[in-house]
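Structure, as structure tokens:
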Amino acid sequence: MQRILQYLDRVENIALVWTILSLALIGFVQVIARYVFNYSFTWYEELGRYLGVFIAFLGASIGVKTGSHFTMDLVVSKMGQPLQGLVKGLTNILSALFFFTVAWYSWKIVLRMHGYETTSPTMEIPMYIAYLPIPVFSIVIGIRFVAKAVEFLRGLNQEAIR
120 MQRILQYLDR VENIALVWTI LSLALIGFVQ VIARYVFNYS FTWYEELGRY
170 LGVFIAFLGA SIGVKTGSHF TMDLVVSKMG QPLQGLVKGL TNILSALFFF
220 TVAWYSWKIV LRMHGYETTS PTMEIPMYIA YLPIPVFSIV IGIRFVAKAV
270 EFLRGLNQEA IR
């Protein structure tokens with residue numbers, strides 16, 4: 120499991136850097152083209168939207184990994200240590216189940232879009248490609264939540280042994 124998570128870390132970091140760099144570069148070229156050459160690329164807004172969705176889901180996965188998402192833990196912080204680990208573990212399991220469900224239903228939508236053979240308006244790429252980050256990153260986020268649940272429950276088990 121640790122190897123899979125390390126591999127995901129590397130892939131996520133590389134994808135995030137290259138996606139943000141390419142979005143910034145394309146935005147810079149768009150601004151130069153518009154104000155210097157009085158020309159505008161019609162596909163830029165659409166590509167920016169798709170890359171924004173990609174970055175949002177990628178960032179959500181990284182946020183789960185680092186624990187940087189906000190939590191409402193007023194009640195949990197008042198519990199004893201073993202119970203805190205149990206509640207956090209169960210919360211992560213429920214979150215993983217939620218994201219696996221999102222992945223399942225969004226995959227069904229991707230398959231439906233593939234069957235319709237629709238394309239995007241300006242870039243004319245198949246729409247299922249634009250929808251693909253949703254199930255892919257939902258699975259990755261689910262895996263991250265499972266890893267967090269295992270981490271909390273393992274800590275609970277270590278405390279029970281002491």
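So for the sequence shown, the numbering used here puts the first residue at 120; every next one is plus one.
Even for Gly, the Cβ is constructed at its ideal location relative to N, Cα and C.
Is it right to say residue i is buried, meaning 16 or more other beta carbons lie within 10 angstroms of its own, or is it exposed?
i, result
"R168", "exposed"
"P252", "buried"
"R281", "Low confidence applies to R281: its pLDDT is 49, below 50, so where it sits in the model is not reliable enough to give any reading."
"G186", "exposed"
"V259", "buried"
"P201", "exposed"
"S159", "exposed"
Please list the terminal residues of the continuous alpha helix (DSSP H) segment that includes residue i.
i, result
"K197", "First-last for K197: undefined, no H or E at that position."
"E165", "Y163 to T185"
Determine which residues share a DSSP beta bridge with residue i and list them.
i, result
"P254", "Partner(s): none; P254 has no beta bridge."
Does residue i come out as helix, strand or coil in the three-state DSSP assignment?
i, result
"T241", "coil"
"R281", "With a pLDDT of 49 at R281, under the threshold of 50, the modelled position of this residue cannot be trusted, and the question is left open."
"Y158", "coil"
"V130", "helix"
"F271", "helix"
Which residues in the same chain have their Cβ closer than 6 angstroms to the Cβ of residue i, if we skip the five residues on either side of it in sequence?
i, result
"T237", "M246"
"V194", "none"
Excluding sequence positions up to five away, which residues of its chain have a Cβ less than 8 angstroms from the Cβ of residue i?
i, result
"N211", "F264, V265, K267, A268 and F271"
"V130", "none"
Enumerate in chain order the residues of its own chain whose CB-to-CB distance from residue i is below 7 angstroms, with the five nearest sequence positions on each side excluded.
i, result
"W162", "T241 and M242"
"L124", "A266"
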